[in-house]
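In the UniProt record's numbering, the protein residues as written are 1 to 261.
Note that beta-carbon positions come from the ideal geometry of N, C-alpha and C, so glycine has one too.
This one's a predicted model, so the numbers in the text were calculated from it and none came from an experiment.
Take a look at the structure set out below.
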Amino acid sequence: MKNLFATAIVFFILLTLVSCETKKQKNDLKTYKPGVILSFDDAYVDEWHEADMALRKYSWKATFNVCRIDSIGTPEIKELLEMQKYGHEIAGHGYHHFNAVKFTAKYGIKEYINQEINPMMVSMKKKGFHVTTFAYPYGERSDELDKALSSRFKIIRGRAFGGEVPEKQDSYFNNSKIVFAFDIDNSHIHFSIPYVLELLDYAKKHNKILILCGHKPVKEVTENYQTKIETLEFICRYMKSHDLKFYTLSDLDELLPKKSK
Numbered sequence: 001m002k003n004l005f006a007t008a009i010v011f012f013i014l015l016t017l018v019s020c021e022t023k024k025q026k027n028d029l030k031t032y033k034p035g036v037i038l039s040f041d042d043a044y045v046d047e048w049h050e051a052d053m054a055l056r057k058y059s060w061k062a063t064f065n066v067c068r069i070d071s072i073g074t075p076e077i078k079e080l081l082e083m084q085k086y087g088h089e090i091a092g093h094g095y096h097h098f099n100a101v102k103f104t105a106k107y108g109i110k111e112y113i114n115q116e117i118n119p120m121m122v123s124m125k126k127k128g129f130h131v132t133t134f135a136y137p138y139g140e141r142s143d144e145l146d147k148a149l150s151s152r153f154k155i156i157r158g159r160a161f162g163g164e165v166p167e168k169q170d171s172y173f174n175n176s177k178i179v180f181a182f183d184i185d186n187s188h189i190h191f192s193i194p195y196v197l198e199l200l201d202y203a204k205k206h207n208k209i210l211i212l213c214g215h216k217p218v219k220e221v222t223e224n225y226q227t228k229i230e231t232l233e234f235i236c237r238y239m240k241s242h243d244l245k246f247y248t249l250s251d252l253d254e255l256l257p258k259k260s261k
């Protein structure tokens, strides 16, 4: 009888500890309003600025991931600084825009950081940009690269290449500093307005943050890596009418569980 009583006490203590730990884990996950991150890659600064002027009526925010910073002219740097002052995020996309996976396979991660990350950070800081997040060129990444860059950036973005049903799509914030974006360029094989609408509806219904990426905003598509302004207008109108929030990549850092930082 004593053994049975002792066993019951131990079981109760263990159950209490598990319950407390489960509650702690739930409390670590911060609640947030459903929304969208619009991000743009490369160095289409004039086109980004034009899109910004067209979309400010929606009080939008976006993350602009800049590569080849030292090849950008002074007028364009001023445009980026103006956009940063407005509330947009200016983030990193590589100094040379090397494919990280292919480069490191040939030269190693240390050399990738020396050639692609360090000079980018130095130059962007010198020009007035406070970079805390990074988007891989071409969206290609690896666990080894993520690990090596995690101490340098608060959020690291890859790309979600598939066109899965929304509940299986990787392009929603997942309480991790490694995130993935769905490509809304017109040339992307899985892009369509009806599919983007499905992703937006899922974000609204399930309290998710949808992460999207594009490259060069244009009125009419003439080549690859172009996102129609019409698409951006559609997304912004949906967000306003459905009360979704505009986030930047760096905003996600505030939503991370403490153990993930």
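Buried or exposed by the 16-neighbour rule on C-beta atoms within 10 Å, applied to residue i
i	result
Lys-23	Because Lys-23 carries a pLDDT of 46, less than 50, the predicted location of this residue cannot be relied on, and no value is offered for it.
Ile-155	buried
Lys-61	buried
Val-179	buried
Pro-257	exposed
Ala-135	buried
Glu-82	exposed
Val-165	exposed
His-93	buried
Neighbourhood of residue i by C-beta distance below 7 Å, restricted to the same chain and skipping five residues each side
i	result
Tyr-225	Asp-185, Ser-187, His-215, Lys-216
Thr-104	Tyr-112, Leu-145
Residue from the options whose Cα sits closest to the Cα of residue i
i	options	result
Tyr-58	Leu-212, Phe-246, Pro-257	Phe-246
Leu-255	Lys-208, Ile-90, Ile-193, Ile-189	Lys-208
Glu-167	Leu-249, Ala-203, Glu-140, Ser-151	Ala-203
Ala-43	Gly-35, Ile-37, Arg-68	Arg-68
Met-121	Glu-140, His-88, His-96	His-96
Asp-253	Lys-177, Gly-139, Thr-31, Leu-149	Lys-177
Ala-91	Thr-104, Ile-109, Tyr-107, Lys-127	Lys-127
Ser-39	Ser-171, Ile-117, Glu-140	Ser-171
Thr-227	Ala-148, Phe-182, Ser-150, His-242	Phe-182
His-242	Leu-197, Tyr-86, Phe-191, Leu-80	Leu-197
Leu-149	Asn-174, Glu-116, Leu-210, Lys-106	Glu-116
Tyr-86	Asn-114, Arg-56, Lys-259	Arg-56
Arg-152	His-190, Ser-123, Asn-118	Asn-118
Lys-147	Gln-84, Asn-175, Asn-174, Lys-110	Lys-110
residue 334	Lys-240, Asn-114, Thr-63	Nothing can be reported for residue 334, as the shown portion of the chain is limited to 1 through 261.
Sequence-distant residues of the same chain with beta carbon closer than 8 Å to residue i, five excluded per side
i	result
Lys-125	Val-131
Leu-244	Lys-33, Pro-34, Gly-35, Val-36, Leu-200, Ala-203, Lys-204, Tyr-238
Asn-27	Because the pLDDT of Asn-27 is 45, which lies under 50, any placement of that residue in the model is unreliable, and the number read from its coordinates should be weighed accordingly. Answer for Asn-27: no residue qualifies.
Ser-71	Ala-43
Neighbourhood of residue i by C-beta, 6 Å cutoff - its chain only, sequence neighbours within 5 removed
i	result
Ser-250	Glu-89, Thr-132, Thr-133
Gly-158	Tyr-136, Gly-139, Arg-141, Phe-180
Proximity test, residue i beta-carbon vs the ligand GTP heavy atom, cut-off 7 Å
i	result
Asn-99	With respect to small molecules bound, the structure shown includes none, and the ligand GTP cannot be examined in it.
**Asked** Touching or not, the stretch 46–53 and the stretch 217–230, by the rule of three or more beta carbon pairs under 8 Å?
**Response** yes
**Asked** Can you list, in chain order, the stretches of the alpha helix (DSSP H) that have 4 or more residues and sit fully within the stretch 101–155?
**Response** Within the stretch 101–155, the complete alpha helix (DSSP H) runs of at least 4 residues are 109–112, 118–126, 143–149.
**Prompt:** Does the pairing of the stretch 71–83 with the stretch 226–234 give three or more beta-carbon distances under 8 Å?
**Reply:** no
**Item:** Complete alpha helix (DSSP H) runs within the stretch 161–211 (minimum length 4 residues, chain order)
**Value:** Listed in chain order, the alpha helix (DSSP H) elements of length 4 or more contained wholly in the stretch 161–211 are 193–206.
**Request:** Could you pull out every unbroken beta strand (DSSP E) segment of at least 3 residues lying fully inside the stretch 49–97, listed in chain order?
**Result:** 63–66, 89–92
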